[in-house]
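Asker: Chains as they are written, first to last, in the UniProt record's numbering: chain A, 1 to 364; chain B, 1 to 268.
Input: one structure, supplied below.
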Amino acid sequence: MSLTLENVSRVVDGVPHLSDVNITFEPGSFNVLLGRTLAGKTSLMRLMAGLDRPTAGRLLMDGEDVTGKPVQRRNVSMVYQQFINFPGMTVRENIASPLRIARMKDAEIGRRVAETAAMLRIEPLLDRYPLELSGGQQQRTAMARALVKDASLILFDEPLVNLDYKLREELRVELRELFRERNAIAVYASTEPNEALALGGATTLLHEGRIIQSGPGNHVYRQPVNIHAAELFSEPPINLINGRLTENEINFDDYAFYSMIPELASLPPGNYSFGVRPSHLGLVPRDDDDLEFAMQVELAEISGSETFLHVRNEHFNLVLQLSGVHAYRTDTPIKVYLPIHKLFVFSVDGDMVQAPAMLNREQV
Amino acid sequence: MKMTKGKAFGIALYILFVLTPIYWLLNMSFKTNSEILGTLTLWPQEFTLANYAVIFTDSSWYSGYINSMIYVSLNVAITLAVALPAAYAFSRYKFVGDKHLFFWLLTNRMAPPAVFLLPFFQLYSSIGLFDTHLGVALAHCLFNVPLAVWILEGFMSGVPREVDETAYIDGYSFPRFFGRIFLPMIRSGIGVTAFFVFMFSWVELLLARTLTSVDAKPIAAIMTRTVGATGVDWGVLAAAGVLTIIPGLLVVYFVRNHVAKGFALGRV
């Protein structure tokens, strides 16, 4: 079953939550909705589930208008960020609950519950109550409930946010596996670019209630349509420096000047915004044509086994993503190298002008 | 926890202080009238159950208990039936004036029951509700429904809205969700509410006495009119008092866990 949203808007108390959303989800597809908090991810999911009605626009399932159809008759399932189970029922009854309501035969319910529980590896917990379980187990139960019925649309609203790092990675991999052979539409909302890339599939970027880009994850990552898309799909956020191209020169903030390079020679002279991902900046040159910036260390932020190094000069700040844990003394002068073929060029209005030229050298 | 001698002594003194009137009531209920009016005795010298026998055999006494229990149960049932849906609406939906209405509910409790005596009396007399169990139960609803809505709303708001939605997504209809999933989730709240509603209705004297004469006369009213031809029957009065405490004790015993949890969680 395919799901199409046509010019869908939702306004709550005069505040637009979604504006003119047009998108189609193909059967059997895994889709990631990527957007910051309040970008409208949850609003969009609630519309798709049928929990809310759009202010304007239509929802079509296989061409049939389901805009006003109540949620009970929609054959969807949803997993929330909070662990939502029915505390008065055992895990087994929780998972069985949608099947019981559908008046399925007991034997069939037993078979399906066992199968789903095995998939999510919660078989030993079937006779316990949700509140006796750990967070990860509770969320597995909620997922099992969502997967046990053959819903044609399965919505995941940041289901892994409240779990610890290790569990998150584990469940993410499993989740992706579970969907390899399903014919349902899966929609997964996330705020994390890395999660979106890890899950793969089609990625839709939401920004202030609008879809700014959608397409295969890798493609969206490499070819963001504008600055918002690039910022959204980068963690830590992409570095942006205002600059200018003249006939034979590139300059950054009228501060750092470089002679023109072939990759940018075709662009008309004028003002631009240059972007570079933190992971592409280095402390040693990797190529002869790397641009060199003299900076000062501001802060070294440790994140897991990575270091986000914040550096600055009088005109702009940069963030580098370095692997490994490093310590840097504040105000140490430091040289930062920018590989020219990793440079995004945006117009002053924020639209994409040129993506990194050498895609074959791109690494995710 | 280790208790110092001083602490233990203090607590013992406090308990003694609190329980003395109740002990004295119990003590009196097992004495004869002559002993009560005679010299001070700390426990019954001539132990007797005659006072209780009077209450259990004289219909003018035991009917009082039955009347009280009938209208109190009726009141608890009506209050919960009305307050549960109302509290759910307040906790889940936004509607015009919802906040004002919610506050207004409470202000209803701020008026003393005496204010409502005259209108109730006149109204009930003219529509035939005077001296009926239902009449008293309805009158008590005026105070109990706002209280119940207020308490229940606190508990219901503690249940995430997503639980409702998950149930709908699973395919539950609203009544089925409400009965099978939602009510069990807030049973502590219902227990606490029932407790408070019961207690108000059980001890309320003014309305219950004024709105009844014979058929629905509550025990509390009977107890205040026991000056007979032979003077005050102290022993029987004391026995009636003991019997009046018992239902309250029973209710507290059964809901004690819920009440403790409810005090911690909800809006009590």
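We treat Cβ as the ideally placed atom computed from N, Cα and C, and that holds for glycine.
Are A:A39 and A:Q223 closer than 7 Å when you measure CB to CB?
Answerer: Looking up residue 39 of chain A in the first sequence gives position 39. Looking up residue 223 of chain A in the first sequence gives position 223. Contact flag unset, no.
Asker: Ignoring anything shorter than 3 residues or poking outside the segment 235-263 of chain A, list the beta strand (DSSP E) runs there in chain order.
Answerer: For the segment 235-263 of chain A, whole beta strand (DSSP E) runs of length 3 or above, ordered along the chain, are 239-245, 249-252, 256-259.
Asker: Any C-beta of chain B within less than 9 Å: which residues of the segment 116-144 of chain A qualify?
Answerer: Residues A142.
Asker: Which residues mark the beginning and the end of the beta strand (DSSP E) in which A:S303 is found?
Answerer: Here the question's residue 303 of chain A lines up with position 303 in the first sequence. Looking at the DSSP string, the run of the beta strand (DSSP E) that includes A:S303 is 291-303.
Asker: Using the Cα positions of A:Y188 and A:T4, report the straight-line distance between them to the nearest angstrom.
Answerer: Taking the first sequence and counting its residues from 1, one reaches residue 188 of chain A at position 188. Taking the first sequence and counting its residues from 1, one reaches residue 4 of chain A at position 4. Approximately 16 Å between the Cα atoms of the pair.
Asker: Apart from the five residues on each side of it in sequence, which residues of its chain come closer than 6 Å, Cβ to Cβ, to A:I212?
Answerer: The residue given as residue 212 of chain A occupies position 212 in the first sequence. Cβ within range, chain order: L205, H228, A229.
Asker: Using the three-state DSSP reduction, which class does B:T4 fall into: helix, strand or coil?
Answerer: Locating residue 4 of chain B in the second sequence gives position 4, counting from the first residue. Correct three-state label for B:T4: coil.
Asker: Nearest-angstrom Cα distance between A:G28 and A:E181?
Answerer: As a working mapping, residue 28 of chain A is identified with position 28 in the first sequence. As a working mapping, residue 181 of chain A is identified with position 181 in the first sequence. One C-alpha to the other measures close to 8 Å.
Asker: Alpha carbon to alpha carbon, what distance is there between A:Q138 and A:Q81?
Answerer: For this step, residue 81 of chain A is matched to residue 81 along the first sequence. For this step, residue 138 of chain A is matched to residue 138 along the first sequence. Spanning the two alpha carbons is a distance of roughly 11 Å.
Asker: Counting only beta-carbon atoms, is B:G154 nearer than 7 Å to chain A?
Answerer: Along the second sequence, one-based indexing puts residue 154 of chain B at 154. So no, B:G154 is outside the interface.
Asker: Does the Cβ-Cβ distance between A:H340 and A:D289 come in under 7 Å?
Answerer: As a working mapping, residue 340 of chain A is identified with position 340 in the first sequence. As a working mapping, residue 289 of chain A is identified with position 289 in the first sequence. The question names His, but residue 340 of chain A in the sequence shown is Ile. Closer than 7 Å, so yes.
Asker: Closest Cβ-Cβ distance between A:I84 and chain B: below 7 Å?
Answerer: For the purposes of this step, residue 84 of chain A is identified with residue 84 of the first sequence, where counting begins at 1. Yes, contact with chain B.
Asker: Can you tell me whether B:I245 is buried or exposed? The criterion is at least 16 other CB atoms within 10 Å of its CB, across all chains shown.
Answerer: As a first step, residue 245 of chain B must be located in the second sequence, where it is residue number 245. So B:I245 ends up on the exposed side.
Asker: To the nearest angstrom, how far is it from the Cα of A:E115 to the Cα of B:Y172?
Answerer: Taking the first residue of the first sequence as 1, we reach residue 115 of chain A at position 115. Taking the first residue of the second sequence as 1, we reach residue 172 of chain B at position 172. Their backbone Cα atoms lie some 23 Å apart in a straight line.
Asker: Return the chain-ordered ranges of every beta strand (DSSP E) run that is complete within the segment 57-136 of chain A and spans a minimum of 3 residues.
Answerer: Complete beta strand (DSSP E) runs here, min 3: 76-79.
Asker: Is it true that the CB of A:M78 sits closer than 7 Å to the CB of B:I169?
Answerer: Within the second sequence, residue 169 of chain B is the residue found at index 169, counting from 1. Within the first sequence, residue 78 of chain A is the residue found at index 78, counting from 1. It is a contact, given that the beta carbons lie within the stated cut-off.
Asker: So what's A:N226 in DSSP terms, helix, strand or just coil?
Answerer: On the first sequence, residue 226 of chain A is found 226 positions in, with the first residue counted as 1. Note: A:N226 maps to strand in three-state DSSP.
Asker: Using the rule of at least 16 other Cβ atoms within 10 Å of the residue's Cβ for burial, across every protein chain shown, is B:V76 buried or exposed?
Answerer: Against the second sequence, residue 76 of chain B aligns to sequence position 76. By the 10 Å Cβ count, B:V76 comes out buried.
Asker: Mind listing which residues of the segment 156-172 of chain B have their C-beta closer than 7 Å to chain A's C-betas, in chain order?
Answerer: Listed by position, the residues of the segment 156-172 of chain B near chain A (Cβ gap below 7 Å) are P160, E162, V163, E165, T166, Y168, I169, D170, G171, Y172.
Asker: Which one of A:L264, A:N226, A:L245 has the shortest CA to CA distance from A:A256?
Answerer: Walking along the first sequence from the start, residue 256 of chain A turns up at place 256. If we check each option's Cα against that of A:A256, A:L245 comes out closest.
Asker: Mind reading off the beta-carbon distance from B:V82 to B:F198? Whole number of angstroms is fine, and I expect it under 8 Å.
Answerer: Residue mapping note: residue 82 of chain B aligns to position 82 of the second sequence, counting from 1. Residue mapping note: residue 198 of chain B aligns to position 198 of the second sequence, counting from 1. Actually they do not touch by this definition, with Cβ atoms about 16 Å apart.
Asker: Residues of chain A with CB under 7 Å from B:P184, in chain order?
Answerer: The count along the second sequence starts at 1 and reaches residue 184 of chain B at position 184. Neighbours of B:P184 on chain A, chain order: G88.
Asker: Considering only residues of the segment 165-211 of chain B, which uninterrupted alpha helix (DSSP H) runs meet the minimum length of 4 residues and lie entirely inside it, listed in chain order?
Answerer: Within the segment 165-211 of chain B, the complete alpha helix (DSSP H) runs of at least 4 residues are 174-177, 187-203, 206-210.
Asker: Let me check one thing: in DSSP terms, what residues is residue 381 of chain A bridge-paired to?
Answerer: A question about residue 381 of chain A goes unanswered here, because the residues of chain A that appear run from 1 up to 364.
Asker: Grab me the residues of B:N108's own chain with a C-beta within less than 6 Å of its C-beta, minus the 5 sequence neighbours each way, in chain order.
Answerer: Residue 108 of chain B sits at position 108 when you count from the first residue of the second sequence. Result list for B:N108: P146, in chain order.
Asker: Once you ignore the five residues that flank B:F130 on each side, which residues in its own chain have a CB closer than 6 Å to its CB?
Answerer: Residue numbering aside, residue 130 of chain B sits at position 130 when the second sequence is read from its first letter. Cβ within range, chain order: Y124.
Asker: Looking only at C-alpha atoms, which of A:E314, A:L299, A:L338, A:V319 sits nearest to A:R329?
Answerer: Walking along the first sequence from the start, residue 329 of chain A turns up at place 329. Selected option, being the one with the closest Cα: A:L299.
Asker: With which residues is A:R312 paired in a DSSP beta bridge?
Answerer: Taking the first sequence and counting its residues from 1, the one referred to as residue 312 of chain A is at position 312. In the DSSP output, where bridge partners are listed per residue, A:R312 has A:Q296, A:N317.
Asker: Could you pull the start and end residues of the alpha helix (DSSP H) that B:N144 belongs to?
Answerer: Your numbering for residue 144 of chain B matches position 144 in the second sequence. Per DSSP, B:N144 belongs to the alpha helix (DSSP H) from 133-157.
Asker: On the DSSP bridge assignment, give the partners of A:S2 in chain order.
Answerer: Taking the first residue of the first sequence as 1, we reach residue 2 of chain A at position 2. Per DSSP, none; premise fails for A:S2.
Asker: Among A:E26, A:E292, A:P193, A:A327, which residue has its Cα nearest to the Cα of A:F308?
Answerer: Locating residue 308 of chain A in the first sequence gives position 308, where the first residue counts as 1. The shortest Cα separation from A:F308 among A:E26, A:E292, A:P193, A:A327 belongs to A:A327.
Asker: Can you round the beta-carbon distance between residue 276 of chain B and B:G235 to whole angstroms, since I take them to be within the 8 Å contact cut?
Answerer: As displayed, chain B neither begins before 1 nor continues past 268, which places residue 276 of chain B out of reach and without an answer.
Asker: State buried or exposed for A:V15, treating a residue as buried only when at least 16 other CB atoms are found within 10 Å of its CB.
Answerer: Reading the first sequence from its first residue, position 15 is the one you call residue 15 of chain A. So A:V15 ends up on the exposed side.
Asker: Between which residues of its own chain and A:G282 is the CB-CB distance below 6 Å, once the five residues before and five after are set aside?
Answerer: Along the first sequence, one-based indexing puts residue 282 of chain A at 282. Here the set comprises Y337.
Asker: Which residues in chain B sit within 7 Å of A:I101, going by Cβ to Cβ distance?
Answerer: Working through the first sequence from its first residue, we reach residue 101 of chain A at position 101. D170, G171, Y172, listed in chain order.
Asker: By DSSP, does B:D98 sit in helix, in strand, or in coil?
Answerer: Within the second sequence, residue 98 of chain B is the residue found at index 98, counting from 1. Of the three classes helix, strand and coil, the one that applies to B:D98 here is helix, per DSSP.
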